[in-house]
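Engineer: Below is one structure. I have some questions about it.
2 protein chains.
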Amino acid sequence: MLKRTLSLTEQAKAHIKQLILDDVFVDGRIHSETDLAADLGVSRTTIRDALSRLEIEGVIYRKQGAGTFINPAGLQIKSRLDEIWSYEDMIDAHDYIPSTKILSVNVQSAPEDLAAELDLQPEEPLLVVRKLFLADRQPVILAYNYIPTALITQSYTEADFMHPVFEFLWANGQRLAYYLSEIVPLLTTGELAETLHVRPGLPLVSFAEIGYNDDNIPIIKSTSCFRDDFLRLRLIRRKP
Amino acid sequence: MLKRTLSLTEQAKAHIKQLILDDVFVDGRIHSETDLAADLGVSRTTIRDALSRLEIEGVIYRKQGAGTFINPAGLQIKSRLDEIWSYEDMIDAHDYIPSTKILSVNVQSAPEDLAAELDLQPEEPLLVVRKLFLADRQPVILAYNYIPTALITQSYTEADFMHPVFEFLWANGQRLAYYLSEIVPLLTTGELAETLHVRPGLPLVSFAEIGYNDDNIPIIKSTSCFRDDFLRLRLIRRKP
DNA sequence: GAGTGGTCTAGACCACAAG
DNA sequence: TTGTGGTCTAGACCACTCA
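Chains as they are written, first to last, in our numbering: chain A, 875 to 1114; chain B, 875 to 1114.
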């Protein structure tokens, strides 16, 4: 029987995932929805919601009339692009030890293009945070964050940016709901190459993204460059 | 294979999306789930499923206690990486006229790495298809497809590859269910630069992906290079 | 307090796979 | 034919927003 702390669906999802990791379903076949519902004492709808979420994660797949099965390939995925929320977690998922270095924190006035993207007037002040993420002490991600100072209600120090940026926003009353991200190829130039310890002229993948809050208002612009020799950017593409 | 009728949920989703595009919800606020259910003569559950799919697409967003609203930013997204299924559609979504050119079709024996990725023995024969996708007659995507010949049951000609590759697989009794994709930065070299009409040394984004069928068996390997000055690769990243 | 979306139930019927 | 997942219903209660 389950208790009502997290939603029943989330508990059921976690429970089933644990059963999978514990190798309870030896032949790769997961118990039927009806059985799972009876086992956990919840309705079949709740079980179906839980299984749907595991299916989206790629952990299982379903075949109508046949059953629900473990997806071994999906279980191997270390980190999925559309689910990354903190780069520390991403580095950790690749089995490196993550660490973070704040390169600089300062306030600049918004250039025209950034102001437009963030729905601001040109010249409005922006907090600019440059962060370097390291995997086993090797620099692997360089990130620039631009936050309108108008959103910042709390005083802060550099140390506040050692944590993921969504925590800083949260402390200022803004919940980061989602990013709209664009993938942009990049050539490493002198400074970038030096910071990331790669030779100049190497191609890199970068993200250019805008983060929105629950009210769909842009609250942050962020760009990040990745060393793909350390980190693999993966995603699942499904038939719509 | 087409279904006789679309599910009520899909119909409801299409109906609501049309209402949005028709500007029926002038203030950006969508009618309540109860109202929509009554209007369409279906249960609230069906409406909720339809709205959930629109929310995943980024078309709307919901706020508990407040209502459901149109997401203008989401409506602007031309094509999302995790939903692309044919490159023709992707080019079309960017308002270019798509066309396709078959560069070559031949059979080669699988090198060790490819064989491992496709669960084959080394040296097993692979059908290799090189395709070029054009936007307004400009080359924008170069794609390599590798298909184990063991899967091919029908005879074929070059013309069969003018259509998306999943249609060729379907004709051979294989349904392409999903791709596991990796994003890899690339430097344009001589031949690639010439084919895509870009200068050598330019950084590009490429996909390296493996396609699986419903039984989770790898059936195709595919790599594609994109001219990002024509095509923007976008995705939505949400808090897990 | 009224109305909204979020969760959950118990049950029904259908489409499909496999023995 | 049996059992599976896929769809859908009608109704309940809760958490939350907003006037």
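In this text, a Cβ means the ideal position worked out from N, Cα and C, and glycines have one as well.
1. Which residues in the same chain as I1057 (chain B) place their Cβ atom closer than 7 Å to its Cβ, once the five residues preceding and following it in sequence are excluded?
2. So is G1064 (chain B) buried or exposed if we call it buried at 16+ other beta carbons inside 10 Å?
3. Give a yes or no on whether 9 Å exceeds the smallest Cβ distance from R878 (chain B) to chain A.
4. Where does the unbroken alpha helix (DSSP H) through F1040 (chain A) begin, and where does it stop?
5. So what's G1085 (chain A) in DSSP terms, helix, strand or just coil?
6. Quick check on S917 (chain B): does DSSP put it in helix, strand or coil?
7. Exposed or buried, what is P996 (chain B) when buried is set at 16 or more other beta-carbons lying within 10 Å of its beta-carbon?
8. Measure from the C-beta of I904 (chain B) to each C-beta in chain A and report whether the shortest distance is under 9 Å.
9. How would you write the range of the beta strand (DSSP E) that Q950 (chain A) sits in, first residue to last?
10. Does the distance from the C-beta atom of P1013 (chain A) to that of H1071 (chain A) stay below 9 Å?
11. List the whole-angstrom C-beta distance separating I921 (chain B) from L928 (chain B), where the pair is believed to meet the contact cut-off of C-beta under 8 Å.
12. DSSP state of Q1012 (chain B), grouped into three classes?
13. Under 7 Å between beta-carbons, which chain B residues line up against P1059 (chain A)? List them in chain order, please.
14. Would you say L882 (chain B) lies against chain A (beta-carbon separation less than 9 Å)?
15. Taking C-alpha atoms, which residue in B:A990, B:K1005, B:G941 and B:T908 lies nearest to T1069 (chain B)?
16. Can the beta-carbon of M942 (chain B) be found less than 9 Å from the beta-carbon of S906 (chain B)?
17. I want to see whether chain B comes within less than 9 Å of E1083 (chain A), judged by CB atoms only; does it?
18. Would you call the region 1031-1047 of chain B in contact with the region 1094-1104 of chain A, where contact means no fewer than 3 C-beta pairs closer than 8 Å?
19. How many Å lie between D1034 (chain B) and F1042 (chain B) at the Cα?
20. Residues of chain B with CB closer than 8 Å to the CB of R1108 (chain A), please, in chain order.
21. Reducing DSSP to helix, strand and coil, say where L882 (chain A) ends up.
22. Tell me, which residues are paired with S978 (chain B) by DSSP?
23. Tell me which same chain residues have a C-beta within less than 8 Å of the C-beta of L1076 (chain A), skipping the five on either side of it?
24. Taking E997 (chain B) as part of the alpha helix (DSSP H), name the residues at either end of that continuous run.
25. Check this for me: beta carbons of K952 (chain B) and R1073 (chain B), under 9 Å apart or not?
26. Can you pull the chain A residues whose beta carbon is under 8 Å from the beta carbon of D1088 (chain B), in chain order?
27. Excluding the five sequence neighbours on either side, which residues of its own chain have a C-beta within less than 6 Å of the C-beta of D966 (chain B), listed in chain order?
28. For G1064 (chain B), which three-state DSSP category applies?
29. R1111 (chain B): buried (16+ other C-beta within 10 angstroms of its C-beta) or exposed?
30. Flag L988 (chain B) as yes if its beta-carbon sits less than 9 Å from any beta-carbon of chain A, otherwise no.
31. If you check the beta carbons only, do I944 (chain A) and G902 (chain A) fall under 9 Å apart?
32. If you compare alpha carbons, which of A:S983, A:G932, A:N1019 and A:L988 is closest to P1038 (chain A)?
33. If we ignore side chains and look at the alpha-carbon of each, how far apart do K937 (chain B) and T974 (chain A) end up?
34. For E1083 (chain B), which residues of its own chain have a beta-carbon under 7 Å away from its beta-carbon, when the five flanking residues on both sides are left out?
35. Going by C-alpha distance, which of B:I904, B:I1094 and B:A912 is nearest A990 (chain B)?
36. Is any heavy atom in the ligand NAD found nearer than 8 Å to the beta carbon of P1059 (chain B)?
Structural biologist: The structure says:
1. V1079 and F1081
2. exposed
3. Bear in mind that a pLDDT of 47 at R878 (chain B), under 50, signals an unreliable position, so the number given afterwards is only what the model happens to contain. R878 (chain B) does not count as touching chain A.
4. V1039 to A1045
5. strand
6. coil
7. exposed
8. no
9. Here Q950 (chain A) belongs to no beta strand (DSSP E); instead the alpha helix (DSSP H) covers P946 to Q950.
10. yes
11. 11 Å between Cβ atoms; not a contact.
12. strand
13. P1059, P1077, L1078, V1079 and D1102
14. no
15. B:K1005
16. Residue 942 (chain B) is actually Thr in this sequence, not Met. A contact, by the Cβ cut-off of 9 Å.
17. yes
18. no
19. 7 Å
20. L1054, S1055, E1056 and I1057
21. helix
22. B:R1004
23. L1061, T1062 and A1067
24. Unbroken run through E997 (chain B): none, as it is neither H nor E.
25. no
26. Y935 and K937
27. P972
28. helix
29. buried
30. no
31. yes
32. A:N1019
33. 34 Å
34. Y1053, L1054, S1055, E1056 and S1096
35. B:I1094
36. Because no ligand of any kind appears in the structure shown, any question about the ligand NAD cannot be addressed here.
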